[in-house]
Each structure stands twice: as structure tokens, then as C-alpha cells.
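Peer 1:
Numbering (the UniProt record's numbering), first residue to last: 1 to 317.
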């Protein structure tokens, strides 16, 4: 979820709660993530507050204008999950005993740096931006040509639906569960060892998991490098805004520079960033783990929509 439009009433709105309950919720989130991951979450929330102050819209853009929904009562023996979501942030966590799945995750910022006030200096998604650009620049000219799908973020060569006003170049955003996204770009196994390590570093940096689960996650990513693709849209000078995607059977990460929504830039700019992380082939929301536990938990599975036809067209009906 990105903009401040809540179509269905669900969960607890943090700003409506007393301080002790907000702290308890944030302790839950902190216990689910790495220190670095939790800093990103708090950074997104504080950046939302900063944006509200800039735009004089503090009623809808503030530090705690987010919703928490518990999908099952927390338990040490039974599976349970929670969602925390709002403007520029959505986190889905599924926990079953000592196993945990974090995903999908949406994290964004407009602007991506706080340059004034008590939270001055908070910066979001800088590593993902810098590492992605470094990887693209490190490729040979032939591989750059193959990785670069389009030279412009609004490119006339794009097929219908490849970019849209809501998600811009993102393919895996809200309402896109089970969307079939074609592999594009260059294979990780065609890269040098150093370039492959850069690619894995992007996944590591963007993943919010604590150290133990992160280690297993990255091992899974490495096992699928022969099926991992990297693609790019836009230029790749130090000043160019851009989009890139890393995709394999076990991971999908999108990074995109967007045009302004609350700020005034009509064209994509490097200070408005959206990132999306998905767990393809059934493990978003811990679905694969849920299926393993289905007989024990007797948990009903949700309905999933299959996306037919043109893979670039986003059907939001």
C-alpha cells in the first residue's frame, strides 16, 4: 500500500492508540527484524512525518499514520502473522514456532533524506541505489546493452501498460500477488564473481531479516544464481534516475525512482524512491510454510487471482 487511501477498515491505527500500545507494537516489529531493518522502518515512518510537515498535511502524513492487523493471536506453538502498513511502507510477517517469513515488503520515501529538524540526516534506500548503480556501471558495454531494457523511464518503445501512473515501472506492487513477470536482462552467472557479490549484497541490504534467518535467505539466493536476472531501465550516469529489478525463482526486488506525488517534480527524481521485495513461487505471506502446516493448523487459504494475458498490463479491477 502506498497512498493514504484506506478502502477497507482493518486493524488498529497507531496514531489513535495510547503511547504504551504504540511502543508495544514497535517492540513487536523490532523483535521481528534486524537492527538495520528496524532502522529502515522507523526511518520510513519519520520521513512520512517530515513530508507531512513540508506539505502541511500532518493529519494524513505523520509518524504513526499506519495500521496494524494481527491475523492470528501471537503464539509460541501455533502459526500467526501480522501486517503493518501505510504510506510508503508495508510489512507482512508470518511466524510459525522458530520459523519466520518477512514478505512482501514495500518501502519508499519522498523525499529520501530528511534535511531539517530533529531527525535531520535520516536517509532511506541510499545503499540500494548506490549498489545497483555500481553493479550496472561495472558491467561490460555488451552486458549493459542487454541489461538496459529501455534508455528512458518514460520510453516510447515500452509496450502498453509497462508504465502506469500508480506504480510507474513497478510490476510487483499492490494487488499483484501471483502476477507472472517475465525474466529480463542479464544472468548472474554471466557476471564476474565481483559483480555477483554486488548483486547478492543488494538482496542482503534490502532484506529486513535478523542475522540467522538472513543467512539462510542468502544461501537460498546463492543456490539460484544460475536462474537470477538483473535488468535496468533509464540511464546510468551518477545523476540519472533509474529502475532496476533482480529476479529469480526465490527472490524479486524492484527499485524505482518516481515522479512527485506530494512534491512538485513532474519527472522521476532520485529523491523519491520506491522499493518492493517479493518471495516468488508461493512464499509471499509465508504461503509455502502455511501449506506445510495446513493439516496441523487447519488454516483456510486465501483466494489468489491469476493474472492472464499481457504481463505488462496491471488489472486493478
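Virtual Cβ for every residue (Gly too), placed ideally from N, Cα, C. Values in this document were obtained by computation on a predicted structure and should not be read as measured data.
Could you name the residues of the same chain whose beta carbon sits closer than 6 angstroms to that of residue 324, not counting the 5 residues immediately before and after it, in chain order?
Peer 2: A query on residue 324 cannot be resolved here, the shown segment of the chain reaching from 1 to 317 and no further.
Peer 1: If contact is defined by three or more beta carbon pairs under 8 angstroms, each pair taking one atom from either stretch, is the region 128-143 in contact with the region 67-77?
Peer 2: no
Peer 1: Please state the DSSP three-state secondary structure of residue 250.
Peer 2: As a first step, residue 250 is located in the chain shown; it is residue number 250 there, counting from the start. In the structure shown, residue 250 sits in coil (DSSP, three-state: anything other than H, G, I, E or B).
Peer 1: State the Cα-Cα distance for the pair residue 264 and residue 294, rounded to the nearest angstrom.
Peer 2: Residue numbering aside, residue 264 sits at position 264 when the chain shown is read from its first letter. Residue numbering aside, residue 294 sits at position 294 when the chain shown is read from its first letter. Distance from the CA atom of residue 264 to the CA atom of residue 294, rounded to whole angstroms, is 49 angstroms.
Peer 1: Give me the Cα-Cα distance between residue 220 and residue 85, rounded to the nearest whole angstrom.
Peer 2: By one-based count along the chain shown, residue 220 stands at place 220. By one-based count along the chain shown, residue 85 stands at place 85. Each residue's alpha carbon lies about 27 angstroms from the other.
Peer 1: Under a three-way DSSP split, which group does residue 85 fall into?
Peer 2: Sequence index remark: in the chain shown, residue 85 carries index 85 (1-based). Strand.
Peer 1: I'd like the list of long-range same chain contacts for residue 157, defined as Cβ closer than 8 angstroms, with 5 residues on each side in sequence excluded.
Peer 2: Reading the chain shown from its first residue, position 157 is the one you call residue 157. Only 150 meet the Cβ criterion.
Peer 1: Check each candidate in 188, 100, 92 and 57 and name the one with the smallest Cα separation from residue 75.
Peer 2: As a first step, residue 75 is located in the chain shown; it is residue number 75 there, counting from the start. The shortest Cα separation from residue 75 among 188, 100, 92 and 57 belongs to 100.
Peer 1: Tell me the DSSP bridge mates of residue 274?
Peer 2: Locating residue 274 in the chain shown gives position 274, counting from the first residue. Residue pairing by DSSP puts residue 274 in a beta bridge opposite 108 and 256.
Peer 1: Residue 193: buried (16+ other C-beta within 10 angstroms of its C-beta) or exposed?
Peer 2: Locating residue 193 in the chain shown gives position 193, where the first residue counts as 1. Exposed, because fewer than 16 other Cβ atoms sit within 10 Å of the Cβ of residue 193.
Peer 1: How about residue 276 and residue 254: do their beta carbons lie closer than 8 angstroms?
Peer 2: Along the chain shown, read from residue 1 onward, the residue named residue 276 stands at position 276. Along the chain shown, read from residue 1 onward, the residue named residue 254 stands at position 254. With contacts defined as CB atoms closer than 8 angstroms, residue 276 and residue 254 qualify as a contacting pair.
Peer 1: Quick check on DSSP: helix, strand or coil for residue 285?
Peer 2: Within the chain shown, numbered from 1, the residue matching residue 285 stands at position 285. Of the three classes helix, strand and coil, the one that applies to residue 285 here is helix, per DSSP.
Peer 1: Would you report the Cα separation of residue 98 and residue 81, rounded to the nearest angstrom?
Peer 2: By 1-based counting over the chain shown, the position of residue 98 is 98. By 1-based counting over the chain shown, the position of residue 81 is 81. Rounded to the nearest angstrom, the two C-alpha atoms are 13 angstroms apart.
Peer 1: Got a sec? Which residues, its chain only, sit under 8 angstroms from residue 236 by beta carbon, not counting five neighbours each side?
Peer 2: As a first step, residue 236 must be located in the chain shown, where it is residue number 236. The answer, listed in chain order, is 133, 136, 137, 144, 148 and 242.
Peer 1: Compute the Euclidean distance between the alpha carbons of residue 251 and residue 278, then round it to the nearest angstrom.
Peer 2: Translated into positions along the chain shown, residue 251 becomes position 251. Translated into positions along the chain shown, residue 278 becomes position 278. Distance between the alpha carbons of residue 251 and residue 278 is about 6 angstroms.
Peer 1: Look at the alpha carbon of residue 109 and the alpha carbon of residue 226, and state the distance between them as a whole number of angstroms.
Peer 2: Translated into positions along the chain shown, residue 109 becomes position 109. Translated into positions along the chain shown, residue 226 becomes position 226. For residue 109 and residue 226, the distance between alpha carbons rounds to 32 angstroms.
Peer 1: Hey, residue 44 and residue 88 are a contact pair by Cβ (cut 8 angstroms); roughly how many whole angstroms apart?
Peer 2: In the chain shown, the residue the question calls residue 44 occupies position 44. In the chain shown, the residue the question calls residue 88 occupies position 88. That belief holds up - the Cβ atoms of residue 44 and residue 88 are roughly 6 angstroms apart, short of 8 angstroms.
Peer 1: Let's test the definition: count the other Cβ atoms within 10 Å of the Cβ of residue 125 and tell me whether it reaches 16, buried, or not, exposed.
Peer 2: For the purposes of this step, residue 125 is taken as the residue at position 125 of the chain shown. With 16 or more Cβ atoms within 10 Å of its Cβ, residue 125 is classed as buried.
Peer 1: Where in the region 140-180 do unbroken runs of the beta strand (DSSP E), each at least 3 residues long, occur, reported from the N-terminal end onward?
Peer 2: 148-150
Peer 1: Could you give the DSSP three-state label for residue 95: helix, strand or coil?
Peer 2: On the chain shown, position 95 is the one that residue 95 refers to. Of the three classes helix, strand and coil, the one that applies to residue 95 here is strand, per DSSP.
Peer 1: For residue 55, write down the residues that DSSP places opposite it in a beta bridge.
Peer 2: Residue 55 sits at position 55 when you count from the first residue of the chain shown. Partner(s): none; residue 55 has no beta bridge.
Peer 1: How about residue 256 and residue 168: do their beta carbons lie closer than 8 angstroms?
Peer 2: Locating residue 256 in the chain shown gives position 256, where the first residue counts as 1. Locating residue 168 in the chain shown gives position 168, where the first residue counts as 1. The Cβ-Cβ distance between residue 256 and residue 168 falls below 8 angstroms.
Peer 1: Would the beta-carbon of residue 271 fall within 8 angstroms of that of residue 247?
Peer 2: Translated into the one-based positions of the chain shown, residue 271 becomes position 271. Translated into the one-based positions of the chain shown, residue 247 becomes position 247. Not a contact, by the Cβ cut-off of 8 angstroms.
Peer 1: Would residue 10 be called buried (16 or more neighbouring beta carbons within 10 Å of its own) or exposed?
Peer 2: Looking up residue 10 in the chain shown gives position 10. That one is exposed.
Peer 1: So, helix, strand or coil for residue 77, using DSSP?
Peer 2: As a working mapping, residue 77 is identified with position 77 in the chain shown. It is coil, neither helix nor strand.
Peer 1: Tell me, please, which residues DSSP counts as bridged to residue 190.
Peer 2: Along the chain shown, one-based indexing puts residue 190 at 190. Paired residue(s): none; residue 190 is not in a bridge.
Peer 1: Does the Cβ-Cβ distance between residue 122 and residue 209 come in under 8 angstroms?
Peer 2: Taking the first residue of the chain shown as 1, we reach residue 122 at position 122. Taking the first residue of the chain shown as 1, we reach residue 209 at position 209. Not in contact: residue 122 and residue 209 (Cβ atoms no closer than 8 angstroms).
Peer 1: Give the DSSP-derived three-state secondary structure of residue 114 in the structure shown.
Peer 2: The count along the chain shown starts at 1 and reaches residue 114 at position 114. Collapsing the DSSP output to three states places residue 114 in coil.
Peer 1: Can you name the residues that DSSP bridges to residue 13?
Peer 2: Translated into the one-based positions of the chain shown, residue 13 becomes position 13. According to DSSP, residue 13 bridges with 67.
Peer 1: Considering Cα atoms alone, identify which of 19, 12, 32 and 17 is closest to residue 212.
Peer 2: Translated into the one-based positions of the chain shown, residue 212 becomes position 212. Measuring from the Cα of residue 212, the nearest candidate turns out to be 32.
Peer 1: Could you check which residue in 202, 191, 181 and 83 has the C-alpha nearest to that of residue 281?
Peer 2: Within the chain shown, the letter at position 281 stands for residue 281. Ranking 202, 191, 181 and 83 by Cα distance to residue 281 puts 181 first.
Peer 1: CA-CA distance, residue 105 and residue 234?
Peer 2: Here residue 105 is taken as the residue at index 105 of the chain shown, counted from 1. Here residue 234 is taken as the residue at index 234 of the chain shown, counted from 1. Rounded to whole angstroms, residue 105 to residue 234 spans 24 angstroms at the Cα level.
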